[in-house]
Each structure stands twice: as C-alpha cells, then as structure tokens.
Amino acid sequence: MFFICDSMLGRTARFLRLFGHDTLYKNTFSDDELLDFSLKEQRTLLTRDVALYHRARKRKIEAFLLPQKSHIERLSALVRDAKLSLTLDPANSRCATCNAEIAPIAKKEVYGKVPEKTYAKFNDFWICTNNNCAKIYYEGRHWIKIIEVYEEIQKKAIL
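Residue numbers (the numbering used here): 80 to 238.
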C-alpha cells in the first residue's frame, strides 16, 4: 500500500516510512495536489480533514479519515481498520526524512560522517539511497523509542 499524508500528519508519515511504507508527505501540498497525486500514483490518502476525505471519496480515491489524536492512535487505527502490517526492520525501512529506500553501508564508509562515539559503539549502519539526503541510520537510543512506539501501536490496535 502506498500512502500520501496531508499536512497535519507529518509524524504519522515519518513512522509509516520507518515501518517500511512508501509515504509521500510535504506540509506544503494543497488539497488539490494531494488528490491529484493520490489518483496519479494510486496512493491511499491519509487525512484528518473531513472535507478533504469526502472530496477524495467522491473522486473514488481510497482514503482514511484518521482520528484527531496522537500518531500512535492514528497508526493503531490503520493497523486495525486497514489491516496494515507494520515491519520493524531497518532493512525494510524507508528514509524518515525523504521516503527513499535505505541500504546497508559498510562501517568504514560512515567514518567521519557520524559522531566518533557512534562509530565506536555500533557496527551496523544504513544510508538513504537519495544522494540529496544520504541520511545515515543505526540502531541507537532512538531505535529503543521506535520499538516502544511499535509495541504501543500493536497493543492499541488489538483493543
């Protein structure tokens, strides 16, 4: 499933990417641009905007009206209602910043590109395949937070 998120769903978009889902997001997309991209690229529109949701449905665009709550509540709703599966594996993640795929990179290739302590502590690294972004990922403390979010989403989706 490919997604496009409205301007109110930036955090949701970032987590969808981390969980392996191709998700377009720019907080500057107009409603018309969101609808056009949804149609052209066959993306499911995610929104909190009731009027935009109804416009999408009138145009036969697959869309989900997400709760006005936290990104965890929104992602739980997608897991529960859309039967969305979330994967917690860096090898299947996408860049949280630009949505490009990420790929493993040899440790020696990140030398000087990450803090020295990070380089010394970790052995596995991934890099965004978009040369304009090239963000480097590793399973640091932020990964623990991502795991906690993942577990909370799964728990709430069952309720």
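Using N, Cα and C, we set each Cβ at its ideal position, and we do this for glycine too. On a predicted model such as this, the values are computed, not experimentally measured, just so you know.
(Q) Quick check on residue 103: does DSSP put it in helix, strand or coil? (A) Residue 103 sits in a strand when the DSSP states are folded into three classes.
Q: Please confirm whether residue 146 and residue 156 have their CB atoms less than 7 Å apart.
A: Closer than 7 Å, so yes.
Q. Below 8 Å, can you find three or more Cβ-Cβ pairs linking the stretch 84-96 to the stretch 174-187?
A. Counting Cβ pairs under 8 Å, three or more are found: they touch.
Q) Tell me which same chain residues have a C-beta within less than 8 Å of the C-beta of residue 118, skipping the five on either side of it? A) Closer than 8 Å at the Cβ level, and outside the excluded window around residue 118, lie 138 and 140.
Q.
Spatial neighbours of residue 209 within its chain, please: C-beta separation below 7 Å, excluding the five flanking residues on both sides.
A. Within the same chain, residue 209 has close Cβ partners 174, 177 and 179.
(Q) For residue 227 and residue 153, what's the separation of their Cα atoms in angstroms? (A) Cα to Cα, residue 227 sits roughly 16 Å from residue 153.
Q.
Helix, strand or coil for residue 217? Go by DSSP, reduced to three states.
A. Three-state result, residue 217: coil.
**Q.** Reference residue 202; option with closest CA among 192, 134 and 185
**A.** Residue 202 has its Cα closest to that of 185, out of 192, 134 and 185.
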